[in-house]
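Protein sequences appear in the order of chains A and B.
Position one of the first sequence corresponds to residue 104 (the numbering used here), numbered consecutively onward.
Position one of the second sequence corresponds to residue 50 (the numbering used here), numbered consecutively onward.
C-beta atoms are modelled at their ideal positions from N, C-alpha and C, and glycine is treated no differently.
Working notes, beginning with the structure itself.
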Amino acid sequence: MDLDELYRVLRGSHVQAVSIVNTLRDPLVVLDDAFRVLTANPAFYDTFSTSRDETIGTALADLGEGQWNIPELRLLLEQVIPRSTSVIDYEVRARFPQIGPRTMLVSAQRLNHPDSGQRILLLTIVDATERQQAEADKDILIGELGHRIKNLLAVTRAIARRTEVEGRNAEEYRDDFLGRFDALARSLAVSAQHSDADLAQLVHAVMKPWLGDTRAITLDGQGAIALLPRQAMSLGMILHELATNAIKHGALSVPGGQLDIAWSLAEDREGHRQVHLRWRESGGPEASPPEATGFGTRLIRFATEVDLRGRAELSYRPDGLVADLTFPQ
Amino acid sequence: MMIALDVQMMLEDNGYAVLGPVGSVEGALRLLDDTRPDAAVLDGNLRGQPVEPVARRLRGLGVPFVLSSAYDNATFADHEALAGVENVRKPVTEARLMVALEKALS
């Protein structure tokens, strides 16, 4: 019920009006022409943690600790009685006794007292604190989301720029680019399902294109290990680079080659949780460090050291690459 | 992550030796404890931390720097150390970054 409807009801029937006023969820007070409280509803006492005795007969300006003693509000209210204007959603921000800082929206209408015909003021008060806070939170969230989208576009652009073009045709470039792009998308999807990503889910998601029906790849990890979204993105990209390298030049480029990925969580000497992931290729051609450090290798080192703040140890062994990644959880 | 690596490679391609990158305000300040770079490229925000303390330190050391941030300059208007610093935006093109750095260094 809005203020206008209530106003009509009050004009019509006093008894009915009292019971309606008592059931309203928003605080309501009726003031006389000197702005003293004639009556207030239970929602008013409840919202302001106050009592009938402290309220009835008290001037609006003296209620609580004088939070309503606002010259501007008084001026507005003074217009209401003689001119039959109304005040709608006048904002009062104040610290109220018992309930603390609040934002209240005050609306006022004139009406004639049902018994005496005296002109009185009907004041409704809406506590907008939580609604305004929710709106502010939403704005922050939208701003943050916009920033993330921009960031993601910049990441995609960097991948497109850095995917090798020299000595390759458009199709090869496209496939390499999309491989990285899809790894990024799959890593993000793992984080999007929960606020944190689980390491096992991430490994499965990124390695999915190669898991298929082959038994050449084993995955082995115990328990849930939570990763922040940015950690998941970095690790996803690292795994993708290792995987494409294994398929092009490593153990997965030959029949009988094997890849074992194992991970665990342990505490270092200072009690900090460290994630350890071992990528172990075997049964493949002899691994050797790349002649010129390509983007893939740089990405692995960079993502581990700068972004995950960890270490990447790459050992090039006679039967395949072994990469040990260690980073704080 | 990818963006910082891209910027690092741009700088290397143009003959700069890159000391970082560092991914946190704390890490950047630690780096500046031991080294005095010729110039710096700053993001506006590092893992949610405003980069301003790093800008203040760079000013103190007399090291010129440029900003590469997706946020517009108004966001940094309150930060004295960042006022008047060129923002080459994010994503940054190689040409724009190089021109801005040369200008900062001259």
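Distance, residue j Cα to residue i Cα
| i | j | result |
| --- | --- | --- |
| GLY399(A) | ASP242(A) | 38 angstroms |
| ALA88(B) | GLY76(B) | 17 angstroms |
| ILE52(B) | VAL258(A) | 6 angstroms |
| VAL268(A) | GLY282(A) | 15 angstroms |
| GLY109(B) | VAL56(B) | 25 angstroms |
| ARG96(B) | HIS250(A) | 13 angstroms |
| ILE341(A) | ALA415(A) | 10 angstroms |
| THR413(A) | LEU428(A) | Note that residue 413(A) corresponds to Gly in the displayed sequence, not to Thr. C-alpha separation (whole angstroms): 7 angstroms. |
| GLY69(B) | PHE114(B) | 14 angstroms |
| LEU78(B) | ALA130(B) | 15 angstroms |
| GLN377(A) | ALA329(A) | 12 angstroms |
| VAL132(A) | ASN144(A) | 7 angstroms |
| PRO421(A) | ASN348(A) | 16 angstroms |
| ALA231(A) | PRO185(A) | 29 angstroms |
| GLY360(A) | GLY315(A) | 15 angstroms |
| THR158(A) | TYR148(A) | 8 angstroms |
Range of the contiguous beta strand (DSSP E) that encloses residue i
| i | result |
| --- | --- |
| GLY249(A) | Per DSSP, GLY249(A) belongs to no beta strand (DSSP E); it is in the alpha helix (DSSP H), 232-265. |
| ASN215(A) | 203-215 |
| THR142(A) | 140-143 |
| GLN377(A) | 376-385 |
| SER367(A) | 361-370 |
| ARG420(A) | 414-420 |
| PRO431(A) | 423-431 |
| LEU131(A) | 131-134 |
Environment of residue i [buried if 16+ CB atoms lie within 10 Å]
| i | result |
| --- | --- |
| GLN221(A) | exposed |
| ILE403(A) | buried |
| SER154(A) | exposed |
| SER290(A) | buried |
| GLY93(B) | buried |
| ASP127(B) | exposed |
| LEU139(B) | Contrary to the premise, residue 139(B) reads as Lys rather than Leu in this sequence. When all chains shown are included, LYS139(B) counts as buried. |
| ARG205(A) | buried |
| LEU256(A) | exposed |
| GLU344(A) | buried |
Cβ of residue i within 9 angstroms of any chain A Cβ
| i | result |
| --- | --- |
| VAL90(B) | no |
| TYR65(B) | no |
| MET147(B) | no |
CB contact below 9 angstroms: residue i versus chain B
| i | result |
| --- | --- |
| PHE280(A) | no |
| ILE328(A) | no |
| VAL409(A) | yes |
| LEU180(A) | no |
| ALA288(A) | no |
| ASP340(A) | For clarity, residue 340(A) is Met in the given sequence; the question names Asp instead. It does: the Cβ of MET340(A) has a partner Cβ on chain B nearer than 9 angstroms. |
| PHE398(A) | yes |
Range covered by the alpha helix (DSSP H) that runs through residue i
| i | result |
| --- | --- |
| TRP171(A) | Where TRP171(A) is concerned, there is no enclosing alpha helix (DSSP H), given that its DSSP letter is neither H nor E. |
| GLY164(B) | Because residue 164(B) is not part of the residues shown, which for chain B are 50 to 155, the question remains open. |
| VAL112(B) | It is not in any alpha helix (DSSP H) - VAL112(B) carries neither H nor E in the DSSP assignment. |
Under 8 angstroms: do the stretch 333-341 of chain A and the stretch 399-410 of chain A share three or more Cβ pairs, one atom per stretch? yes
Would you call the stretch 298-311 of chain A and the stretch 360-371 of chain A touching, i.e. three or more CB-CB distances under 8 angstroms? yes
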